[in-house]
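In what follows, a single structure is set out as structure tokens and then discussed.
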């Protein structure tokens, strides 16, 4: 038998919310409201369902459409589920702990154990070897840089030498051209002189 003081019929809910019964039935499907039913499949409402309908009415008054209301209700339901889950976890933790003293004692034991493990690790850790390895790597890098500088200087010298050789070749070509030019001039002078002699001897 349902307690009438905590449950309401659809007509009573209609009076309290201002929604017509057919509107309430429509909203049940539209907004996926989980309205409980009796054995004869008749709906009955609790304060929870009434609050949901009043919340829908408030959202409508604020200008929200059905799609927006559906999203808001879904988000609200997800948040409520997360809160319920958090509460269940908190209760479970409190049940598992005998009392606050035991919890603090366990925490202290864990802290001491952690400190001991850290001390052991620090004692075993040979940091000097790492420092020596780091120094060796620095020396190797320095040597590598010096070699690169030497190679760079060598490359510069080779390049300058090639440039000088090219200039020497250019000068050689110029000298050869001058020699050829001088030979042609001498030949021309000789030819002229020979022709003059021939003219004189002919007269």
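Residue numbers (the working numbering): 88 to 290.
Every residue, glycine too, gets a C-beta built ideally from N, C-alpha and C.
If you're wondering where the values come from, they're calculated on a predicted model, not measured in any experiment.
Where does residue 112 sit, in a helix, a strand or coil, going by DSSP?
-> Walking along the chain shown from the start, residue 112 turns up at place 25. Look at residue 112 here: in three-state DSSP terms it is helix.
Taking DSSP as the reference, what is the three-state secondary structure of residue 124?
-> To locate residue 124, count along the chain shown from 1; it is residue 37. Note: residue 124 maps to strand in three-state DSSP.
Is residue 130 closer than 8 Å to residue 97 when the C-beta atoms are compared?
-> As a first step, residue 97 is located in the chain shown; it is residue number 10 there, counting from the start. As a first step, residue 130 is located in the chain shown; it is residue number 43 there, counting from the start. For residue 97 and residue 130, yes; Cβs fall inside 8 Å.
Determine the contact status of residue 122 and residue 132, defining contact as a CB-CB distance below 8 Å.
-> By one-based count along the chain shown, residue 122 stands at place 35. By one-based count along the chain shown, residue 132 stands at place 45. Taking 8 Å as the Cβ cut-off, residue 122 and residue 132 qualify as a contacting pair.
Between which two residues does the alpha helix (DSSP H) containing residue 104 stretch?
-> On the chain shown, residue 104 is found 17 positions in, with the first residue counted as 1. First-last of the alpha helix (DSSP H) with residue 104: 97 to 104.
Cα-Cα, which of 137, 139 and 117 is closest to residue 154?
-> Locating residue 154 in the chain shown gives position 67, counting from the first residue. Distances from the alpha-carbon of residue 154 to those of 137, 139 and 117 put 117 closest.
Alpha carbon to alpha carbon, how far is residue 271 from residue 254? Give it in angstroms, no decimals.
-> Taking the chain shown and counting its residues from 1, the one referred to as residue 254 is at position 167. Taking the chain shown and counting its residues from 1, the one referred to as residue 271 is at position 184. Each residue's Cα considered, the two are about 26 Å apart.
If residue 104 sits next to residue 137, beta carbons under 8 Å apart, how far is it from one beta carbon to the other, in whole angstroms?
-> What you label residue 104 is simply residue 17 of the chain shown in a count that begins at 1. What you label residue 137 is simply residue 50 of the chain shown in a count that begins at 1. Right, the Cβ-Cβ distance comes to about 7 Å (below 8 Å), so this counts as a contact.
8 Å Cβ cutoff met for residue 146 and residue 159 = Position 59 of the chain shown, counting from 1, holds the residue named residue 146. Position 72 of the chain shown, counting from 1, holds the residue named residue 159. Yes, they are a contact pair.
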